[in-house]
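The listed protein sequences correspond, in order, to chains A and B. Under the numbering used here, the first sequence has 354 at position 354, and the numbering climbs by one with no breaks. Under the numbering used here, the second sequence has 993 at position 387, and the numbering climbs by one with no breaks. Ideal placement from N, C-alpha and C gives every residue a C-beta, glycine not left out.
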Amino acid sequence: MTVTAVDPDAAAISKGGAEEQARAQRNLGWQLLWQVLMNQRRALVLGVVIGITWTAAKVAVPQLTKAAINQGIERNGALLSWSLFIAAAGLATGLLTAGRRYLAFRESRWTETLLRERMFAHIQRLHVGYHDRAQTGQLMSRASSDLQQVQQFVVMIPITLSNVSQLFAVTLILAFTDWRLAIVALAPLPFINVASRRFSNRIHPAVLAVQNKQAQLASVVEESVSGVRVVKGLGTESVQFNKLRKEADGIREVSLNAASIRSRFLPAIDLLPSLGLIAVLGYGGHRVVNGDLSIGDLVAFNVYLTMLVWPLRNIGMMVALGQRAAAALVRVQEVLSTEPAVQSPERSHALPSREMATAVGAVSFDDVSFGYGEDHLILRNFSLTIAPGESVALVGATGAGKSTVVRLLLRFYDVVNGRITLDGIDLRRLDVHELRRNVGVVFEDTFLFNDTVRNNIAFAKPDADQATVERAARLAGAHEFILQLPNGYNTPIGERGFSLSGGQRQRVAIARAIVADPRVLVLDDATSAVDPSKEHEIRDAMQTVMKGRTTIVIAHRPGTIALADRIVFIDHGGVAAVGQHRELLETSQRYREVLASFVDESSVVD
Amino acid sequence: MFQMGGGVAPEDQLDKSETRRVMLRVMRMAAPFKRTAYAAVGCVVVTTSATLTAPVLVRHGIDAGIRARDLFQLNLSVGSYLVITALAYVFGRMQYVFLNRTGESFLRELRLKVFAAMQSQSLAYYDRNKAGVLVARMTADIETMGELIQWGLLQFLASGFLVVLALAVLFILSWELALVVLIVFPVIVIASVKFQRDSNTAYLTVRERVGQNLGTLQEGIAAVRVIQAYAQEDHQIKRFEESNRSLFDSHVRSIRISTWYFGLVELSGVVATALVVGIGGWLVHRDTVSLGTVVAFILLLSSLFDPVQQLSQLYNGVQSAAAALHKLFAILDATPEVDEAIDAVALPNRGDIVVNGVGFTYATGTTPALQDIDFTVRDGERIALVGPTGAGKSTLAKLMSRLYDPTTGFVTYGGVDLRQGTHASLRERIVVVPQEGFLFNGTIRENVRLARITASDTEVEAALERLGVLAHFERLPEGLDTEVRERGTRLSAGERQLVALGRAALIDPAVLVLDEATSNLDPGTEAEVEAALERLMQGRTTIVVAHRLSTVQRADRIVVVDQARIAEAGTHNELVALGGKYAALARAWEKSHSV
């Protein structure tokens, strides 16, 4: 469960500081909503105006009914025209209620839609360091369920305003008709509001408890199904069954608890208006008999009272909805107010153009230190110069810092000390997009989008033509298998599409990097996920694309390491040795050890 | 308020006879709870009747009391109204309690039955059915019904009852005015039916687009590193906007549908009032009806119109619950493929495993996965099964441990056909340890104990000690009581495998069937897993589906499975000398080691 900012108990205990901070955060949340709503003010104001007009028409109906009874029925008056008036008012309320509903729902959905787009755009721009800490699921719930809470609140704004005006209008009319009877009749009604609010507050945690239990049961089912091989292999069906029974009992218990809360409130809320109606019949009836009140008034009182039931309930709900929306807004605002830590400089330097300079793609790490946390440095005084067009293999044990080098080169993070340059320019002086367009990476775990093969390859240049895409696919050795897919280049892949093998995925990723046509190509462990018998296919593809391009290869397998001009052995956050594979094997004991550990790993017969 | 329950896709909609069958079966299953069910229905009848009596009492108060200036009659009405309200409150509370008790007990029963049915299915069933779908049956489908019980079922019952009763009361009070109401009533009914259909379609579209939009959102967050590495943020933002806007459009379409409906409902209500007042007034003038009757009609109109609205909105919920039940019953009805024989006997303690003329075809496949398999594993022997992916070696291992039953031929253990053995004795003799160490939520200790739930702490520790890995786990800050969290993400892949081996050691079986992991471990843990495995295999018959040459070399005999048949069998040296398929595999392996 997410931690809500609104926790009255916690605030009361810590008093002062924490409370003030929570209030300040809530204010920021409301400011965000206000700012968004101001952009939709026309439609919202229209909705409110329609809502209030609807109130007027709605309130008129019992007045007309009363007149029809008093003058039309009791005194043989113009019955037909009164009836027509009522029908006309009916037409008006019908149209107006439709308009109010349409505007309220459409605008609230629009608010939700726009806020979600803002969040997505912001999330896209937030630095990688932020994403390392944030969980996908949590960001998802900010952009989905939290915004839903906001939507549910916004939809109630025009509806509540017209409900409030209805409440006032009805109270006034009743008071003018017969203030004594009005007091007696209206007395039970505030309790509807109180009860609704209390109910909303009580039922919310109970419903959350039910959802919580349901999630626990779901996780037992999930593990039993995913782990069915273990369950069947060991014959432990009864263990899982007992776990499930415990959860099923739990659900029953919390659901019954929620039901008992409903049973305490809902019938009472339903029946409170009846007390008003009884009062009207009893006290009002006596007043009619005494000649102080007309029968028409008595009926009108009845109708008005039933008319107040929904507004009172809604206002009660509105308070609870407002509290939940406030908490949601705080969380949304938190994400939106986080500044991206890695940004382009205000005035960026341009990379030397490829036409002008004879050779581009010079990379240099000067005395670079970097760590993800504050206390622990991954790279210490790391220096490495790569000439344009050169290919370098980074070799090192797990955790030595190979992938960190790549991340720094992409400026996913900024160095703590020292500097990194591309073609002589400090990365921090470059436009971030320009830098990244010039450094193409094939990541260790290939991410394929739920899209066609074509669009996955053309990812870096969405408007690339078919010829470019095919050329890249050929170079990456992917063209042949793509043609054999059901729809060739238009076959949807990714989680929801056609599933590719590890090697095929890698080749699509390499083709993606080729389309980007970067100055510097980085292959981060591109062969690790590939069956050794297929490894040579990837190796061929890699060899082709490395030609004449600065390339950094991170590799475990000797065959892949051998592709590079030079090998940089990284150990303990620094460059431990540089040279040819044979040389390093002969001179460095540690290099032999690290390499030997890789060989063990790849011992696969299949 | 609007749209509870959820939509039913056209392919899930049940026809009348199917619905009837589902309902009858629900009744049968709910039989144990019939007392609370009857009590709930009784409460519904009482409260609904009370709701309808109120306007009648008001009429009596006006006609017999106020207009006749008879204060006793007026007070009588008021008093009865109070009593009726109190009754409605008491029974209203009770109906919630009884209905939920019935419903939740039924759901609990359903959860247990469906889960037990799923668990009694063989592995083949899980091969055929996607994990996500099975989980959805146990969660989303049952929760649909839970929602219906909590919010809808009561109202659905009450609304239906209310409409019928209200119509009856109207006709009893005045058939002339009742006919007037019947002019408007059909409009509401027809509009409600149309609304129910349209809103169902619109809701399904919304649900589908919500799913798509969440998918795009998730992709954008999960792939943020790739996106930023290729400077494609703007393109992704545009892509998200497209899916987000299409979701908005579907929302607006669904809003339009509810807009005209609710407008029409409100209009009809007031028009009906106008008709009742106009025609009723005329009838009062002719002394056909009383003024009190007209007032009662005005009050009763909402009792008639509101339930129709509610019925139409709840209908979707009831329908989707019926569709969900239909799917759940299908699970209950599936017969387990690997079932215990009625005359099952305990398998002998030790013995040879004999595979005799075995063939196997997957239910989803057309060509046999295995055919004409004949061979014997002697007691205490170590066998390695090798061969290309999909050749059938894993299937063979599953048949030898009765995770599947063979299509033709038979497998015996110590002379007893596996199909004649009791489940309990089978899993004591033959234990299968799958490739990846799959952990369940809970502590390490609980994960090991899973294999034999009655084992004491000492026995669990002894089992780990026998593998030489107890010290490893005790070094963790919380030792064996470390929570493994989310599928064991707190443990390394190697540690997870150690736990899996610990389970097998706890059972202490005669036969061990291992499906070796293809994925790699870090070198340090790798050695520890190897050592633990070696200890576990001591003194047991072992069948390994092998992916590593080191494992293969340690086997007494190697069986090469290729294209659904046994291609070669023998020791490493014999097979290399033979120069066949195994020799080729071994050569390929040697090659990938050298630079």
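- Counting the other Cβ atoms within 10 Å of the Cβ of Met542 of chain A gives 16 or more, which makes it buried.
- Annotation: Glu1084 of chain B is outside any alpha helix (DSSP H) and is labelled neither H nor E by DSSP.
- For the stretch 62-129 of chain A, the full-length alpha helix (DSSP H) segments reaching 4 residues or more read 79-125 along the chain.
- Val520 of chain A places its beta carbon less than 8 Å from that of Thr550 of chain A.
- The residues Ala476, Gly477, Ala478, Ile538 and Ala541, in chain order, have a CB closer than 7 Å to that of Arg507 of chain A in the same chain once the five nearest residues on each side in sequence are set aside.
- The C-alpha of Ile1050 of chain B lies about 57 Å from the C-alpha of Leu44 of chain A.
- Here Glu946 of chain B carries a coil assignment [DSSP, helix/strand/coil].
- Cβ contact annotation for Gln1169 of chain B (same chain, cutoff 6 Å, sequence separation greater than five): none.
- In the same chain as Ala325 of chain A, and ignoring 5 residues on each side of it, the C-beta atoms closer than 6 Å to its own belong to Gln149, Val150 and Phe153, in chain order.
- Counting along the chain, Glu334 of chain A sits inside the alpha helix (DSSP H) bounded by residues Ile295 to Leu336.
- Within the same chain, and ignoring the five residues on either side of Val1119 of chain B in sequence, the residues whose Cβ sits closer than 6 Å to its Cβ are Ala1003, Ser1007, Val1038 and Ile1149.
- Looking at the backbone, the Cα of Ala458 of chain A and that of Val469 of chain A are separated by about 6 Å.
- For Gly1145 of chain B, there is no enclosing beta strand (DSSP E), as DSSP marks it with neither H nor E.
- By the criterion of at least three beta-carbon pairs nearer than 8 Å, the stretch 278-291 of chain A is not in contact with the stretch 755-775 of chain B.
- When only Cα atoms are considered, Gly77 of chain A and Gly94 of chain A end up about 27 Å apart.
- Counting only residues of its own chain and dropping the five nearest sequence neighbours on each side, Met744 of chain B has a CB closer than 8 Å to the CB of Arg717, Val720, Phe721 and Met724.
- For Ser255 of chain A, at least one C-beta of chain B is nearer than 8 Å to its own C-beta.
- Counting along the chain, Ile386 of chain A sits inside the beta strand (DSSP E) bounded by residues Leu379 to Ile386.
- The DSSP-derived three-state label of Ile748 of chain B is helix.
- Residue pairing for His349 of chain A: DSSP places it in a beta bridge opposite A:Leu430.
- Shown here is that no member of the stretch 162-187 of chain A has a Cβ falling below 8 Å from a Cβ of chain B.
- Within the stretch 700-713 of chain B, the residues whose Cβ lies closer than 9 Å to some Cβ of chain A are Met700, Gln701, Tyr702, Val703, Leu705, Asn706, Arg707, Gly709, Glu710, Ser711 and Leu713, listed in chain order.
- For Thr560 of chain A, the uninterrupted alpha helix (DSSP H) run begins and ends at Pro558 to Ile561, by DSSP.
- Within chain A, Asn76 have C-beta atoms less than 7 Å from the C-beta of His891 of chain B, given in sequence order.
- Gln214 of chain A counts as buried, since no fewer than 16 other beta carbons sit within 10 angstroms of its beta carbon.
- Between the stretch 382-400 of chain A and the stretch 298-311 of chain A there are fewer than three C-beta pairs closer than 8 Å, too few to call the two in contact.
- DSSP, reduced to helix, strand and coil, places Gly579 of chain A within a strand of the structure shown.
- Rounded to whole angstroms, the separation of the alpha carbons of Ala98 of chain A and Leu873 of chain B is 10 Å.
- In the DSSP annotation of this structure, the continuous segment of the alpha helix (DSSP H) that includes Glu480 of chain A starts and ends at His479 to Leu483.
- Cβ contact annotation for Val812 of chain B (same chain, cutoff 7 Å, sequence separation greater than five): Ser856, His857 and Ser860, in chain order.
- Taken in chain order, the complete alpha helix (DSSP H) segments of 4 residues or longer contained in the stretch 996-1081 of chain B are 999-1006, 1029-1035, 1050-1055, 1063-1073 and 1076-1080.
- At a beta-carbon threshold of 7 Å, the residues of chain B lying near Gln124 of chain A are Gly826, Val830, Ile833, Glu839, Gln842 and Ile843, ordered along the chain.
- Interface criterion not met: the Cβ of Ile52 of chain A is under 8 Å from no Cβ in chain B.
- Looking only at A:Val221, A:Gly361 and A:Ala268, the smallest Cα-Cα distance to Asn193 of chain A is reached by A:Ala268.
- Scanning its chain for C-beta atoms nearer than 6 Å, with the 5 sequence neighbours on each side dropped, one finds around Leu167 of chain A the residues Pro311, in chain order.
- For Gln580 of chain A and Val545 of chain A, the gap between their C-alpha atoms comes out near 21 Å.
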